[in-house]
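S.K.:
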Amino acid sequence: MSDVIEVSYTGDLLAHRRCPRAWAYGKRAGFHPYEQVQAMEGRLVHHAMEWLTREFRRNGDIPRPEMLRAQLTHYFRILWARGIRTAFDRVMGHLYPSGQLDDTVQRAIEGALHSEYELRAVRNVLPDDFGGKSKILLTGIIDLVLQEHASLTYERHWVWTSASELDGGVRNQRVAAVPGDIELWDYKATRSSTRYVGDYARQLLTYAALYRDRSGDLPARCVLFFVNEPDASLRLLAIDVTSELVDAAIVWTKAQAASLQASAATFENDPQTLQPGEFPLRHLDPADRITDELRQQCTACGLRFDCNAYVGHVGGRNHPDVDILNVLKN
Amino acid sequence: VEPSAFFELVDEVLVEAGRSPLHPGSPQRKIVEVLPDDRVLQIVAGPGSGKTEMLVWRVLFALVVARVPSHRIVVTTFTRKAATELTARVVERSDALIAAGRRRAIPITDPRVQDLRIGTIHGLCDALLAEFDDEYIAAGTQLIDDIEVRVRIARGRRRLFGQPPPPPLLERVLGREAFVALFRPPWVQGDRWPSSVMDTADWLLGVLGQHMETWVPRCGATTAPNGVELVHPTPGLTADLVEMQRLWEGALDHRSLLDFATLQQRFIERQGSIRPHIDHVFVDEFQDTNPAQYLLHTGWLAREATRLTVVGDDDQALYRFRGSDIACFQGLAADCASRGVAYRQEVLDINYRGTPEITGFAQAFRRTTALARVSMDKRLRPPPDASSGRPVRLLRGAWQQLACCIADEVRDLGPRQGSGSRSDAPTVAILLFSTSEKGASPALSLRQEIEARGVRVHNPRNKVAGRAGSPVHDLLALLSYLMDPVTSVPLQAGGRPVEVHATHRSLDRVSLAVSAPPATVRVSPKHAAIQKRFVKRHGRVGFPGPVSAPLLQYVDDIRGRLLTANDERRTPRLTLAGFVARLLSFSFFRDVGYTIDLFREALFTALLEANIAPTRMSPASLDAPLGPTRRPDGKIEWPDEFWTLLSFLGMLVADVDLDDPEVEAFAEDAVAMLTFHQAKGLEFDHVYVGMTGREANPHTVLRTKLFSGEAVPYSVEQGTVRTGDPDVLELAAADRDREIYVAMTRARSSLTFIDAPGHGHPLMRLDDGTARLFGEASATRVSAYPTVTCAVADKAQPL
Chain W
1 MSDVIEVSYT GDLLAHRRCP RAWAYGKRAG FHPYEQVQAM EGRLVHHAME
51 WLTREFRRNG DIPRPEMLRA QLTHYFRILW ARGIRTAFDR VMGHLYPSGQ
101 LDDTVQRAIE GALHSEYELR AVRNVLPDDF GGKSKILLTG IIDLVLQEHA
151 SLTYERHWVW TSASELDGGV RNQRVAAVPG DIELWDYKAT RSSTRYVGDY
201 ARQLLTYAAL YRDRSGDLPA RCVLFFVNEP DASLRLLAID VTSELVDAAI
251 VWTKAQAASL QASAATFEND PQTLQPGEFP LRHLDPADRI TDELRQQCTA
301 CGLRFDCNAY VGHVGGRNHP DVDILNVLKN
Chain H
331 VEPSAFFELV DEVLVEAGRS PLHPGSPQRK IVEVLPDDRV LQIVAGPGSG
381 KTEMLVWRVL FALVVARVPS HRIVVTTFTR KAATELTARV VERSDALIAA
431 GRRRAIPITD PRVQDLRIGT IHGLCDALLA EFDDEYIAAG TQLIDDIEVR
481 VRIARGRRRL FGQPPPPPLL ERVLGREAFV ALFRPPWVQG DRWPSSVMDT
531 ADWLLGVLGQ HMETWVPRCG ATTAPNGVEL VHPTPGLTAD LVEMQRLWEG
581 ALDHRSLLDF ATLQQRFIER QGSIRPHIDH VFVDEFQDTN PAQYLLHTGW
631 LAREATRLTV VGDDDQALYR FRGSDIACFQ GLAADCASRG VAYRQEVLDI
681 NYRGTPEITG FAQAFRRTTA LARVSMDKRL RPPPDASSGR PVRLLRGAWQ
731 QLACCIADEV RDLGPRQGSG SRSDAPTVAI LLFSTSEKGA SPALSLRQEI
781 EARGVRVHNP RNKVAGRAGS PVHDLLALLS YLMDPVTSVP LQAGGRPVEV
831 HATHRSLDRV SLAVSAPPAT VRVSPKHAAI QKRFVKRHGR VGFPGPVSAP
881 LLQYVDDIRG RLLTANDERR TPRLTLAGFV ARLLSFSFFR DVGYTIDLFR
931 EALFTALLEA NIAPTRMSPA SLDAPLGPTR RPDGKIEWPD EFWTLLSFLG
981 MLVADVDLDD PEVEAFAEDA VAMLTFHQAK GLEFDHVYVG MTGREANPHT
1031 VLRTKLFSGE AVPYSVEQGT VRTGDPDVLE LAAADRDREI YVAMTRARSS
1081 LTFIDAPGHG HPLMRLDDGT ARLFGEASAT RVSAYPTVTC AVADKAQPL
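Sequence order for the protein chains is W and H. Each residue of the first sequence is one higher than the one before, starting from 1 at the first, in the numbering used here. Each residue of the second sequence is one higher than the one before, starting from 331 at the first, in the numbering used here.
What follows is the structure, given as structure tokens:
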């Protein structure tokens, strides 16, 4: 049997932090979610940014929106064929609001070279902590960004307040990139006020550690791009990177993977005992583990009808979201 | 990086990983090095010989020393799981190599292993066509899997293949008994086959696959007739098969779809435009290549600069029944010679997996069975420094006691059973030719014995996932009850109540049903039979018992609310899948724990999705909300597309032996009960091998030869094919012996054969090849089970 646990940072680690129960039924037992919450938006943006940069460098012009749409359809036609079209519209809307390329996006592609970079890394772990497995294959996708002549300036900055605990917060503090800087970018289909920004920052630090293994160097910084943020000044967030921080991020990520395995073990003993709701809030009452952002996922979740956290959060089984006799909602 | 420096780093990494370094001049080192004049390298790799490790290092040599860009390398694996394992190994070794290089001040540029094209042949064909072939993209072609192909053929077979002149094409081909019998599974009883819609769909799938993957690449260019037409009076058969293929491809094109066989063919047609983008192609498990795939893999060689590395073991070729032909693997050297392409062969024949006893037994089996006459030249050996282990055993006896004895042993081995297990708990596998649990099968009784001792067993090919009482069955029953509830009413006033529903064969019963019959489609009543079985297991029609009453009441309420919403012109948003999600929240389903029932619930959601998905491109989407309406006469009307779905799901659950899903999360923490075919590529600490006594059936070998245009005489007796052709018989015997060889070479620490000669099942007696190797070995009685004896293969014998 396989000695490797394949762990996707977004599809497993972050999904498990949102709701271990939904993650376990989907990933461990194979239940087909009947209303897919599409996690493809970030992937589409990665591809779009690389393509926009390449086209800009080749032709010196910003491509028209219909050209990008054709490119996305070309590359992601399987999604299109399966009727998943809303993600295309949303991405187009983010990048070309009102039919014009977004200012931040334009500055990003004019000033830097973006290339899509799939990260795959293997980490050895103790089998006793990981259900008898000794290796984790960690997968993720980032943009590798090389700053060029018109380098970007970031107005917002994630400051680490504790390197060992990997805690931090957003400060309005200017950071200027210089030509030659290598950055790791990731795109999030949320607003900048998301409560998950800390998770995302730790995710990028982990990617930076894996990038260091491959290249021998750390990136100058990491950058989060909140593509669903209407206020252009809040879209980009620069994140400090140091050796100490990325080492701590690897430790943090391994701990998350161990939590994931622990949830899997609980699920194997009794699926019903696996607790739903935000994993970091597991010390709270079930109903208090549903945050506003998680609620957007819960409202379409096929497991919500007997979920003690969500049922409690909406005030009981008579709420239309969890009323199993309500035919006016799917 | 120079080759010498590369090999220094490789040795350092291998030693770090607890492996031996590569000795200069060893076959391993010759395999890793990509020589300047290499065009085709064929690696013949026995079981446990470390072929994956060598494949990984050859890929890294190509990247780091030969400087081939990673996106110009293709690595084809047999399964997606194998692709993941290979990816993990490449990443791990690449990172270790870079780190070793840094330590020795040998800078290695990031080889971007993440850009290697690693995947199954179908996944890679799809991805490469998508990237390099504009026409493919323009067609918006979507790849569909075997389940969806089966659905489409079952639903559309009459329309697709009902072409004039009479008799229609489908009937014409089905009427040729000598042809049809070639595809009949040997275990099917009774005269008539195919007898159901799903049998016919499976037969059509087999025919189309063999035609497209064997006849087209081997005879298509010359239009040589199918061999069946040469040996039996079946004029026009080849033309009919060509027409069938044309119609099927046309139907797929019309919907912008591709199945696996058509995808391969499309790829071969367009390979010329992709060839310039690829420099080195690696193919794992090459022994299971079919003629179309062989054409595809060797098609890369049309470009002078492209190299081909293939890995496999002719002794482990198992997939002739799916169209693969071992002649592809064995004939590669001669083919290269005839094309003038440089060819090199390396052999890996040291088995690092098993003990010397297991390896010796396997080698003796090769030498004394049909494999000796048809295999390529090699000798399976243990490593020189291997420590001796337990002898290979044979447990023989009356089945009931034998099963108890095995179950006791398995329990005492302390196999891995979930997260609470020790990390060094051993893996145990029971490998049987057939793991069907239908009826009083050996697999079922053995599973029950093992589970009675508190040990979990996973059998993904049990053929009973949809049987009565399974969640698959019950969820469909409730779906059927929603659309077409069976009620009990008298046909006439004062008469005896009878069961009525809208899809009953009797029209007077249809007229009394709650739902109106489907308007334009023909619906099989099998869904209603499933519904009735569910209702009657928990009560009676109209009088549900306490277990089923809440569920049936809920479905009644939902039906009522859907109708009311429509009456009130409010649009319901509930879909079929949403309805099933609600049903699953009932304790009847949710309280199953972490058992196979949980995975069967998941299986039903997957089956529903598989049947909804084909309609997504059509105007009548089954993702649409449920929309029943009430007619003026009070009857409930459902859109025809929902009837079609219900009809098909009914036939699927009633007529197809559904298997449990192969869920890794469950399977890894249970004793594996697997067929020989499923065990391929896996390894276990302790292995029991049983049901080895099958006859050598010539039908699959005949199919290969006949579809290759060869005129091999054969006859059909009571639906079964017979031949006296010595070549066919020998190949058929070798096919059977390979299965047993693969099973025995999965073992690491202990290997035990099972022989139950008194059992009624013909496969339960030990095969002749294995029996010969135990010969006269003295057997001792197993104390707790008086009818069971244990014989030990003697190492001193010339095994």
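Where is the CB? At the ideal position from N, CA and C, for every residue including glycine.
#1: Can you list, in chain order, the residues of its chain whose CB lies under 7 Å from that of residue 241(W), leaving out five sequence neighbours each side?
#2: Determine the chain W residues that contact residue 991(H) at a beta-carbon separation under 7 Å, and present them in chain order.
#3: Report yes if the CB atom of residue 490(H) is closer than 8 Å to the CB atom of residue 578(H), and no otherwise.
#4: Residues of chain H with CB closer than 8 Å to the CB of residue 4(W), please, in chain order.
#5: If contact means a Cβ-Cβ distance below 9 Å, which residues of the stretch 992-1014 of chain H contact chain W?
#6: With a threshold of 8 Å, are at least 3 pairs of Cβ atoms found where one atom belongs to the stretch 871-888 of chain H and the other to the stretch 813-827 of chain H?
#7: State the start and end residues of the unbroken beta strand (DSSP E) segment that holds residue 135(W).
#8: Beta carbons nearer than 9 Å to chain W: which residues of the stretch 721-750 of chain H have them?
#9: Going along chain H, which residues have a C-beta under 8 Å from residue 72(W)?
#10: Hey, is the stretch 1005-1013 of chain H in contact with the stretch 756-764 of chain H, meaning 3+ C-beta pairs nearer than 8 Å?
#11: Might you give, ordered along the chain, the residues of its own chain that have their beta carbon closer than 6 Å to the beta carbon of residue 120(W), omitting 5 neighbours on each side?
#12: So, is residue 768(H) buried or exposed, given that buried needs 16 or more other C-beta atoms within 10 angstroms?
#13: With H, G and I counted as helix, E and B as strand and the rest as coil, what does DSSP make of residue 521(H)?
#14: Which word fits residue 72(W), buried or exposed, when buried means at least 16 other C-beta atoms lie within 10 angstroms of its C-beta?
#15: Do the stretch 798-805 of chain H and the stretch 842-857 of chain H meet, that is, are 3 or more Cβ pairs less than 8 Å apart?
#16: By the criterion of Cβ-Cβ separation under 7 Å, what are the contact partners of residue 216(W) in chain H?
#17: Taking Cβ positions only, does residue 270(W) come closer than 8 Å to chain H?
#18: Helix, strand or coil: how does DSSP classify residue 92(W) here?
#19: In chain order, what residues of the same chain have a beta carbon less than 6 Å from the beta carbon of residue 673(H), not counting five sequence neighbours either side?
#20: Would you list the one or two residues that DSSP bridges to residue 1080(H)?
#21: Residue 1073(H) and residue 1009(H): beta carbons closer than 8 Å?
#22: Just checking: is the beta-carbon of residue 50(W) within a distance shorter than 8 Å of some beta-carbon in chain H?
#23: Taking the continuous beta strand (DSSP E) assigned at residue 222(W), which residues delimit it?
#24: Along the alpha helix (DSSP H) that carries residue 1070(H), what are the first and last residues, could you check?
#25: In the DSSP assignment, find the unbroken beta strand (DSSP E) run with residue 1116(H) in it and report its ends.
#26: Excluding the 5 residues preceding and the 5 following residue 513(H) in the sequence, name in chain order all residues of the same chain whose CB lies nearer than 6 Å to its CB.
#27: Restricting to Cα atoms, I'd like to know which of 443(H), 372(H) and 689(H) is closest to residue 390(H).
#28: Is it right to say residue 908(H) is buried, meaning 16 or more other beta carbons lie within 10 angstroms of its own, or is it exposed?
#29: Under the three-state reduction of DSSP, which class applies to residue 787(H): helix, strand or coil?
#30: Give me the subset of the stretch 258-289 of chain W whose CB atoms are less than 9 Å from a CB atom of chain H, sorted by chain position.
#31: Within the 8 Å Cβ cut-off, does residue 1091(H) reach chain W?
#32: Mind listing which residues of the stretch 106-137 of chain W have their C-beta closer than 8 Å to chain H's C-betas, in chain order?
#33: Quick one: is residue 82(W) buried, meaning 16 or more other Cβ sit within 10 Å of its Cβ, or exposed?
#34: Could you list the residues in the stretch 293-318 of chain W with a C-beta less than 8 Å from some C-beta on chain H, going in chain order?
#35: Apart from the five residues just before and just after residue 134(W), which ones in its own chain have a Cβ nearer than 7 Å to its Cβ?
#36: Tell whether a beta-carbon distance below 8 Å holds between residue 829(H) and residue 862(H).
M.R.: Let's see:
#1: As a first step, residue 241(W) must be located in the first sequence, where it is residue number 241. 205, 208, 218, 219, 221 and 222, listed in sequence order.
#2: What you label residue 991(H) is simply residue 661 of the second sequence in a count that begins at 1. Per Cβ cutoff of 7 Å: 30.
#3: Counting from 1 along the second sequence, the entry for residue 490(H) is found at position 160. Counting from 1 along the second sequence, the entry for residue 578(H) is found at position 248. Yes, they are a contact pair.
#4: Counting from 1 along the first sequence, the entry for residue 4(W) is found at position 4. Under the 8 Å cutoff, chain H gives 414, 415 and 418.
#5: 993, 994, 995, 996, 997, 998, 999, 1002, 1012, 1013 and 1014
#6: yes
#7: Position 135 of the first sequence, counted from the start, is the residue given in the question as residue 135(W). That run of the beta strand (DSSP E) goes 135-147.
#8: 746, 748, 749 and 750
#9: As a working mapping, residue 72(W) is identified with position 72 in the first sequence. By Cβ distance, chain H contributes nothing, its closest Cβ being about 12 Å from residue 72(W), past 8 Å.
#10: yes
#11: Translated into the one-based positions of the first sequence, residue 120(W) becomes position 120. Contacts found: 139.
#12: Mapped onto the second sequence, residue 768(H) falls at position 438. Exposed.
#13: In the second sequence, the residue the question calls residue 521(H) occupies position 191. Coil.
#14: Working through the first sequence from its first residue, we reach residue 72(W) at position 72. Buried is the call here.
#15: no
#16: Here residue 216(W) refers to the residue found at position 216 when the first sequence is read from its first residue. Near residue 216(W) (Cβ distances below 7 Å), the residues of chain H are 432.
#17: Within the first sequence, numbered from 1, the residue matching residue 270(W) stands at position 270. Yes, residue 270(W) counts as interfacial toward chain H.
#18: Counted from its first residue, the first sequence places residue 92(W) at position 92. Three-state result, residue 92(W): helix.
#19: Sequence index remark: in the second sequence, residue 673(H) carries index 343 (1-based). Answer for residue 673(H): 370, 663 and 666, listed in chain order.
#20: Counted from its first residue, the second sequence places residue 1080(H) at position 750. BP columns for residue 1080(H) point to 1016(H).
#21: As a working mapping, residue 1073(H) is identified with position 743 in the second sequence. As a working mapping, residue 1009(H) is identified with position 679 in the second sequence. Cβ atoms of residue 1073(H) and residue 1009(H): closer than 8 Å.
#22: As a working mapping, residue 50(W) is identified with position 50 in the first sequence. Not closer than 8 Å to any Cβ of chain H, the Cβ of residue 50(W) fails to qualify, so no.
#23: Within the first sequence, residue 222(W) is the residue found at index 222, counting from 1. From DSSP, the beta strand (DSSP E) with residue 222(W) extends over 221-226.
#24: The residue you call residue 1070(H) lines up with position 740 of the second sequence. Unbroken alpha helix (DSSP H) run through residue 1070(H): 1056-1074.
#25: In the second sequence, counting from the first residue as 1, residue 1116(H) sits at position 786. Unbroken beta strand (DSSP E) run through residue 1116(H): 1115-1122.
#26: Translated into the one-based positions of the second sequence, residue 513(H) becomes position 183. Taken in chain order, the residues that qualify are 533 and 536.
#27: Taking the second sequence and counting its residues from 1, one reaches residue 390(H) at position 60. Residue 390(H) has its Cα closest to that of 443(H), out of 443(H), 372(H) and 689(H).
#28: Within the second sequence, numbered from 1, the residue matching residue 908(H) stands at position 578. With 16 or more other Cβ atoms within 10 Å, it is buried.
#29: As a first step, residue 787(H) is located in the second sequence; it is residue number 457 there, counting from the start. Of the three classes helix, strand and coil, the one that applies to residue 787(H) here is strand, per DSSP.
#30: 261, 262, 264, 265, 266, 267, 268, 269, 270, 271 and 272
#31: As a first step, residue 1091(H) must be located in the second sequence, where it is residue number 761. For residue 1091(H), the answer is no, since every Cβ of chain W falls outside 8 Å of its Cβ.
#32: 117, 118, 119, 120, 121, 122, 127, 128, 131, 132, 135 and 137
#33: Here residue 82(W) refers to the residue found at position 82 when the first sequence is read from its first residue. Unreliable placement is indicated for residue 82(W), whose pLDDT of 47 sits below 50; no coordinate value is reported for it.
#34: 302, 303, 305 and 306
#35: If you number the first sequence from 1, residue 134(W) lands on position 134. Cβ neighbours of residue 134(W) beyond the five flanking positions: 3, 124, 125 and 127.
#36: Within the second sequence, the letter at position 499 stands for residue 829(H). Within the second sequence, the letter at position 532 stands for residue 862(H). In contact: residue 829(H) and residue 862(H) (Cβ atoms closer than 8 Å).
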